[in-house]
Amino acid sequence: WMDQIKCTSTAPYCPLPSHPSFNMFDNWHYGGKCIAVNSYPETANPCPGMDRVDAGLIDRQLGAALQSSASTRSPDAAAFQLRVILHLTGDMHQPLHASGGAVDANHPNGDIGGNARRFNKCNVTNLHALWDSAGNMYTLNWSPGSYNETLMVLQEQAVWMIASGVGLPDPLGFDALDHMNLTQALSALVEEAGLIARLMTESARAAKRIAYNTMTGLNLNPAKPGGALDCPTEQYFKMTQETSVVQIACAGYRLSRMLRQVSRAVVANGLLSGVPPLYKPRIIIPHAAHDGTDRPWR
726 WMDQIKCTST APYCPLPSHP SFNMFDNWHY GGKCIAVNSY PETANPCPGM
776 DRVDAGLIDR QLGAALQSSA STRSPDAAAF QLRVILHLTG DMHQPLHASG
826 GAVDANHPNG DIGGNARRFN KCNVTNLHAL WDSAGNMYTL NWSPGSYNET
876 LMVLQEQAVW MIASGVGLPD PLGFDALDHM NLTQALSALV EEAGLIARLM
926 TESARAAKRI AYNTMTGLNL NPAKPGGALD CPTEQYFKMT QETSVVQIAC
976 AGYRLSRMLR QVSRAVVANG LLSGVPPLYK PRIIIPHAAH DGTDRPWR
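Numbering (my numbering), first residue to last: 726 to 1023.
This is the structure:
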């Protein structure tokens, strides 16, 4: 929904004929400090002359939605906040949404989260789209005619992730939220060095270490200045898929912890009649990026 309302024209990823053109939330989808990549000089601020930190508001808006959900008594506001929490939690686990853009000699003013790094003769248009599609495992086509089929595939893959995974502790400690009251949980999430800030750092590190890693089949230097890049190798696509599976599983695990607290607030504010039974999910780290068959994830 938060992506659909931005649509200004009809496309496979923007099927709404109404073209909502609702762009006021555009900078809610990304954030973080920019990073230096592709052997660009490492400095405390690799983006001289621009402040990439406040260009994106993803971490602040996620925190604001969580805090607002604790006090609202409006069903409409609660529904809106829930959509924001769901969407931004997912976006924050996609490394290119949390790195604030990457700079190098080809993009000294940043690459707009990889969107400016276009590919030539490739089945994805740019680096950001490659990661949004989890290495082309999932379609970016949300046309109504394909929605039910896409939903079935997503449910199938979610079951696979759980069935084939192994339980590992969350390195960020979101499970601690289970032992806190609402006030304590909100503080733990939104404080300066809290869970949301640590999640941003984790994703930015994944962007630098994995997404922009030129040793795994990604060439960040175009043949001509300003031109498109070569399509990444199969090795890079596979690495993106494996990383994305882990990130998706982590996002679901952490989201469940936050939604448990949100549900308590919604019930306390008279918007629901009861809290669902406590479910203690594991963080799922699958053994492989496919299900053992030759069938691609689509």
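All C-beta atoms in this analysis are idealised placements derived from N, C-alpha and C, irrespective of residue type, glycine included.
Practice problem: Indicate whether MET925 and ALA913 have their beta-carbon atoms separated by less than 8 Å. | Solution: Taking 8 Å as the Cβ cut-off, MET925 and ALA913 do not qualify as a contacting pair.
Quiz item: Which residue comes first and which comes last in the alpha helix (DSSP H) that contains MET817?
Solution: 800-817
Practice problem: Evaluate the contact criterion for the stretch 950-964 versus the stretch 816-823: three or more CB pairs, one atom per stretch, below 8 Å. | Solution: no
Quiz item: If we ignore side chains and look at the alpha-carbon of each, how far apart do SER928 and HIS822 end up?
Solution: 8 Å
Quiz item: Between ALA1013 and GLN792, what straight-line distance do the alpha-carbon atoms span, to the nearest angstrom?
Solution: Summary for ALA1013: the model assigns pLDDT 37, below 50, so the residue's position carries little reliability; its value from the coordinates is reported in the next sentence. About 37 Å.
Self-check item: Reduced DSSP secondary structure (H/G/I, E/B, other) of ASN851
Solution: strand
Exercise. Confirm, please, whether the CB-CB distance from ILE921 to ASP836 is below 8 Å.
Key: It is not a contact, given that the beta carbons lie outside the stated cut-off.
Quiz item: Are SER786 and ALA910 closer than 8 Å when you measure CB to CB?
Solution: Looking at the sequence itself, residue 786 is Gln, so the reference to Ser does not match. Not closer than 8 Å, so no.
Exercise. Pick helix, strand or coil for ALA823, following the three-state DSSP scheme.
Key: coil
Quiz prompt | Environment of ASN968 [buried if 16+ CB atoms lie within 10 Å] | solution = The question names Asn, yet the displayed sequence has Thr at residue 968. Classification for THR968: buried.
Quiz prompt | Distance, GLY942 Cα to GLU959 Cα | solution = 8 Å
Quiz item: With C-beta atoms as the reference, is ALA932 less than 8 Å away from SER764?
Solution: Taking 8 Å as the Cβ cut-off, ALA932 and SER764 do not qualify as a contacting pair.
Practice problem: Please state if the CB of TRP856 and the CB of MET936 are separated by a distance shorter than 8 Å. | Solution: Reading off the sequence shown, one finds Ala at residue 936, where the question assumed Met. At the C-beta level, ALA936 and TRP856 come within 8 Å of one another.
Exercise. For the alpha helix (DSSP H) holding THR965, just list the boundary residues, first then last.
Key: 959-993
Quiz item: Excluding the five sequence neighbours on either side, which residues of its own chain have a C-beta within less than 6 Å of the C-beta of GLN972, listed in chain order?
Solution: Taken in chain order, the residues that qualify are HIS818.
Quiz item: Going by the beta-carbon positions, is the gap between ALA974 and MET886 smaller than 8 Å?
Solution: yes
Quiz item: MET964 to ASN944, Cα distance in whole Å?
Solution: The straight-line gap separating the alpha-carbon atoms of MET964 and ASN944 is approximately 15 Å.
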